[in-house]
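In numbering that gives the first Met the number 0, the protein residues as written are 0 to 112. Backbone N, C-alpha and C define an ideal beta-carbon position, used for all residues, glycine too.
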Amino acid sequence: MVPNFAFKQNLHVQVDLRGDMDLLSNVRIIADFLNKPLPDDLTNLIAEQCTFKGMMKNVQSYLLRGKEDGPKLLQKGVVGNWKEHFTPELNERFEKEVMAKLKGSGLELDFEL
């Protein structure tokens, strides 16, 4: 089991790393699952703020250590961009460590699309 990761029954959220996921539907699914109905205007706002473009508008959502000249949490928003930052050795180490921590959790990750 992955530490600090809670599995919830009956919650299915579509995640498509190619960028064509339906954020509005997923916000509604999560709100319904939490039994917290949301008005349409708030659902739309949350969905917009969950896009890469929306997060980039809010500087506090992507700064680490609160410094504008420091490291950024958000990057280009392009699938596979991690390859520009990882050496082959670091990539291999990362995959081994992630897979070891996920072992037995029922979660599977594909590192390539």
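Original post:
Rounded to whole angstroms, how far is the Cβ of Val-97 from the Cβ of Leu-108, which I believe are closer than 8 Å?
Top reply: Your pair Val-97 and Leu-108 checks out as a contact, with CB atoms roughly 6 Å apart and the cut at 8 Å.
**OP:** Under 6 Å Cβ to Cβ from Ile-45, same chain only, skipping five residues before and after it: list those, please.
**Re:** Non-local C-beta neighbours of Ile-45 in its own chain, meaning closer than 6 Å and more than five positions away in sequence, comprise Val-26, ordered along the chain.
Subject >> CB of Ala-30 within 8 Å of CB of Pro-36, strictly >> reply: Judged by their CB atoms, Ala-30 and Pro-36 are nearer to each other than the 8 Å cut-off.
Subject >> Span separating the alpha-carbon of Asn-80 from that of Pro-87 >> reply: Looking at the two C-alpha atoms, the distance is approximately 14 Å.
Original post:
Terminal residues of the continuous alpha helix (DSSP H) containing Thr-42?
Top reply: For Thr-42, the uninterrupted alpha helix (DSSP H) segment begins and ends at 39-48.
Subject >> Own chain, CB closer than 6 Å to Lys-102, minus 5 neighbours either side, in chain order >> reply: Answer for Lys-102: no residue qualifies.
Subject >> Nonlocal neighbours in the same chain, by C-beta distance under 8 Å from Asn-43, ignoring five residues either side >> reply: These residues qualify, in order along the chain: Leu-23.
Original post:
Can you name, in chain order, every residue of its own chain whose Cβ lies under 7 Å from the Cβ of Glu-47, other than the five neighbours on each side?
Top reply: Answer for Glu-47: Gly-53, listed in chain order.
Original post:
Alpha carbon to alpha carbon, how far is Cys-49 from Ile-28?
Top reply: Straight-line Cα distance between these residues: approximately 15 Å.
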